[in-house]
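To start, the structure itself, in structure tokens.
2 protein chains.
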Amino acid sequence: MSKLTGKVLIAQGGGPTAVINQSLVGAVSEARKHAEVTRVYGALNGVRGIINEDLVDLSQETTRNLEYVAQTPSSALHSTRDKPDEAYCKEIFKVCQAHDVRFFFYIGGNDSSDTVHIVNEASKAAGYEMHCVHIPKTVDNDLVINDHTPGWPSAARYVAQAFAGYTLDNQALPGVFIGIVMGRHAGFLTAAASLGRKFEDDGPHYIYMPETAFSEEQFLTDVKTAMEKYGRCLVAVSEGIHDKDGNPMMVKLSGRTEKDAHGNVQLSGSGALGDMLSDLVTRELKLKRVRADTLGYAQRSFLGVVSDVDASEAREVGEKAVQFAIGQDMTGSVTIHRVGNYAVEYRLVPLHHIAAKTKHMPKEFIAPEGNNVTPEFYHYARPLIGSDFPTISRLRAPKVEKILKK
Amino acid sequence: MSKLTGKVLIAQGGGPTAVINQSLVGAVSEARKHAEVTRVYGALNGVRGIINEDLVDLSQETTRNLEYVAQTPSSALHSTRDKPDEAYCKEIFKVCQAHDVRFFFYIGGNDSSDTVHIVNEASKAAGYEMHCVHIPKTVDNDLVINDHTPGWPSAARYVAQAFAGYTLDNQALPGVFIGIVMGRHAGFLTAAASLGRKFEDDGPHYIYMPETAFSEEQFLTDVKTAMEKYGRCLVAVSEGIHDKDGNPMMVKLSGRTEKDAHGNVQLSGSGALGDMLSDLVTRELKLKRVRADTLGYAQRSFLGVVSDVDASEAREVGEKAVQFAIGQDMTGSVTIHRVGNYAVEYRLVPLHHIAAKTKHMPKEFIAPEGNNVTPEFYHYARPLIGSDFPTISRLRAPKVEKILKK
């Protein structure tokens, strides 16, 4: 056990997920068991809450309420879009020092691991002993080294269940249906639209991910092909699709350019991309009943659609983070590794291995034409979306011979 | 038991729901038990399948597969948007007569009950004995006489779970969030956005239903009020909102005017209304982080979000329809009546009592200001959305005293 004694501070960053509170409660519950821990603090609103000293004492939470919070989606400590620079991180460190925080945990994506990295450097430079661990989460599944990231499997499950429903709806009332899925640079969440397919003609018939340059011509040809083959067409499109020169289709075609603190264009929270693609199909292919839905924030926050596998793993990365920091005096980022078929192992890697890097869909998950996924992707994703993933069924009744119209 | 012997014909009309196949299987399973029934036929694509004689023999379905289909959302026999006139209904009757159909069941909304009514009149005029029963379904919950309609409770559950997630997301990353909900004339589904509220400040803070004329001024004042009170604002808006002169806001503000066979303007399958309201708030209130999601087809077709109460009742209305038609030689529309707190009874009412009429949210369910629901609505809806409706929880940890910034 560590000789270091002091407080634990934990915060949640970036966009919420369905299981980010599992990681919070995994870390808090584990930390509350350790004699080296004098108090377990949580920062409200991510790193912003640290520099504002908006801290709460999680040592005084009931165990029962923590368990209820674990099952609640979104970030119970609330979040922030702040992306701390070096000066900001020094402020974070000063607050840690003032409160005798010796173990710092930040749950988030690659931006968050970068923050943890800089805070850790600041503490080292000041000769202040503190163990900092990054706990992974992101619905984008884009953290390097990790086989997958907590938060994605539940979001993937939501997307898969949504598209299974869309395909049934599209079969009942045929037409063209376009579903817009979150994912700026990585196509994992859009690819998940495929996971509810059961029958050969189930949609989505085509899937467009940011890993492949989007061509309007190819898209229109695909829609036409599906309409001819099935009399209907269902496609999944990533919000982050861009043309071959890297221009986001959202910007290219809608004129919307609101940017966040990270300099990114707003992609979510608007139906513009779907409506634009829908107009394109209506105009160019002269088709009726063309519809577009943008799946929106429900993908990351919907109450009640959670992968049990994801919930367990999110819980465990939180718990492991504390075991690495307090039990073994380590600093780093917790990573998930697939072993066997299917099991996982957790490791701790240096923070700068994760920070500011983005994983993309590997080539073997994308069909050669760039407009679909491969069976390798199914093999990868199926164990993650839950042991009780629902299935769809069809009538198999034989046709009745016609009497009047034979 | 009836002396009438012959075939059963069943079809599904209008938009899909999460439990419309429960009604199908309820009717088919019950019909297969009756000695008077020579065969159980299903029509593909609703009434269109009848006039085209696209029939399947459901007597040859396995019981197991029927049970799987019952748990699958959307219309397993597929649907149609055709709204039959008198000539069309006579064609339906002729096909029934040719195939010796003596029991006709049509699952759908008020348009469908109208069709059943006209087919029944045609058979009476021809002196052909046939019992016709309408089986209710609609996510809009707008059938008169019925306490509620199968399909709505599951759609309401989806909307409630979605908004519970949106409110948690909105708390984690504050801003203005606008959620657009299905419902052309009746506000029941939009009102359901309230059902996941737990804490006093949970959203949606305001709910705009078609029962109240929409005022842009009032809407902007409401958003401002919520922002001042909570630092964030979540609203639920029905796609069918209109100004005081009855002009749909969708048409007024977006210029989209695609109409269906019923002469209705397209409201679903586009994010335009949400984006327009979002632009209005950004422009008039000079606010950042204004987002809009349009919940779309997931509301009626999402795989895996079903109210157990709804599934049971949808099953029972199908079963009761057959018992009324075959056991008691009756024609009419099956209705659901609430007795006690909470239990239901099923009755059969004359078809013309249901046909072409629309139920609206009663006054006592809408707050006097017209921008919210009342506790009476909770009391009405809560038993319907399921015995296992998920709940949300919050941290209750006390604040830590500041050291640096005190």
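Sequence lines, in order, name chains A and B.
Here my numbering is used: the first residue of the first sequence is 1, the next is one more, and so on.
Here my numbering is used: the first residue of the second sequence is 1001, the next is one more, and so on.
For every residue, glycine included, the Cβ atom is placed at its ideal position computed from N, Cα and C.
- Residue contact with chain B for GLU30(A): absent (no Cβ-Cβ distance below 8 Å to any residue of chain B).
- Under the Cβ criterion of 8 Å, GLY1006(B) is not counted among the residues facing chain A.
- The region 384 to 401 of chain A makes contact with the region 1055 to 1073 of chain B; the number of CB pairs closer than 8 Å reaches 3 or more.
- Using a Cβ-Cβ distance cut-off of 8 Å, the region 1332 to 1343 of chain B and the region 1162 to 1170 of chain B are not in contact, since fewer than three pairs of beta carbons, one from each stretch, lie closer than that value.
- Bounds of the beta strand (DSSP E) holding ILE1135(B) are 1131 to 1136.
- When secondary structure is reduced to three states using DSSP, GLN1012(B) falls in the strand class.
- Against chain B, a Cβ distance below 7 Å from GLY296(A) picks out ASP1293.
- Relative to the Cα of ARG1291(B), the nearest Cα in the group ILE1180(B), GLU1067(B), GLY1014(B), GLY1109(B) belongs to ILE1180(B).
- DSSP places HIS1205(B) in the coil class of the three-state scheme, outside both helix and strand.
- Residues of chain B whose Cβ lies closer than 8 Å to the Cβ of LEU384(A) do not exist; the shortest such Cβ separation is about 16 Å.
- Collapsing the DSSP output to three states places VAL144(A) in coil.
- In the DSSP secondary-structure assignment, GLU376(A) is not bridged to any residue.
- Residues of the same chain with a CB within less than 6 Å of the CB of ARG1048(B), apart from the 5 flanking positions on each side, are THR1080, ASP1082 in chain order.
- Per DSSP, reduced to three states, the secondary structure at LEU1195(B) is helical.
- Here DSSP, grouped into helix, strand and coil, assigns PRO1153(B) to helix.
- At a beta-carbon threshold of 9 Å, the residues of chain B lying near GLU61(A) are LEU1395, ARG1396, ALA1397, ordered along the chain.
- Within chain B, the C-beta atoms nearer than 7 Å to that of ASP275(A) come from SER1270, GLY1271, ALA1272, in chain order.
- For the region 61 to 109 of chain A, the continuous alpha helix (DSSP H) assignments of 4+ residues that do not extend past its boundaries occur at 63 to 70, 86 to 98, in sequence order.
- When rounded, the separation of the alpha-carbon atoms in ALA1098(B) and VAL309(A) is 55 Å.
- For PHE1105(B), not one C-beta of chain A is nearer than 8 Å to its own C-beta.
- Taking the Cα positions, LEU1143(B) is about 21 Å away from HIS1131(B).
- Think of a sphere of 8 Å around the beta carbon of VAL56(A): the chain B residues whose beta carbon falls inside it are LEU1395, ALA1397, PRO1398, LYS1399, VAL1400, in chain order.
- Put simply, of GLY1006(B), VAL1025(B), SER1194(B), PHE1103(B) the residue whose alpha carbon is nearest the alpha carbon of ARG1315(B) is VAL1025(B).
- For GLU216(A), no beta strand (DSSP E) segment is defined; the enclosing uninterrupted segment is the alpha helix (DSSP H) at 216 to 230.
- Interface criterion not met: the Cβ of VAL1119(B) is under 8 Å from no Cβ in chain A.
- Interface with chain B (8 Å Cβ-Cβ cutoff): ASP310(A) is excluded.
- Taking 8 Å as the threshold, the shortest C-beta distance from ASP202(A) to chain B does not fall below it.
- In this structure, DSSP gives HIS1353(B) a helical state, which the three-state scheme calls helix.
- Within the same chain, and ignoring the five residues on either side of ALA1018(B) in sequence, the residues whose Cβ sits closer than 6 Å to its Cβ are PRO1073, SER1154, VAL1306.
- LEU1055(B) and GLY1196(B) have their C-alpha atoms roughly 42 Å apart.
- In summary, ASN247(A) is exposed, with fewer than 16 beta-carbon neighbours lying within 10 Å of its beta-carbon over all protein chains present.
- In terms of CA proximity to VAL1040(B), LEU1066(B) leads the group LEU1066(B), MET1227(B), ASP1222(B).
- Classified as buried, ASP1169(B) has 16 or more neighbouring CB atoms from the shown chains inside 10 Å of its CB.
- Membership of ARG1039(B) in the beta strand (DSSP E) is indicated by the continuous run 1037 to 1043.
- Here LEU404(A) is exposed. Its C-beta has fewer than 16 other C-beta atoms within 10 Å.
- For ILE1207(B), no Cβ of chain A is located within less than 8 Å of the residue's own Cβ.
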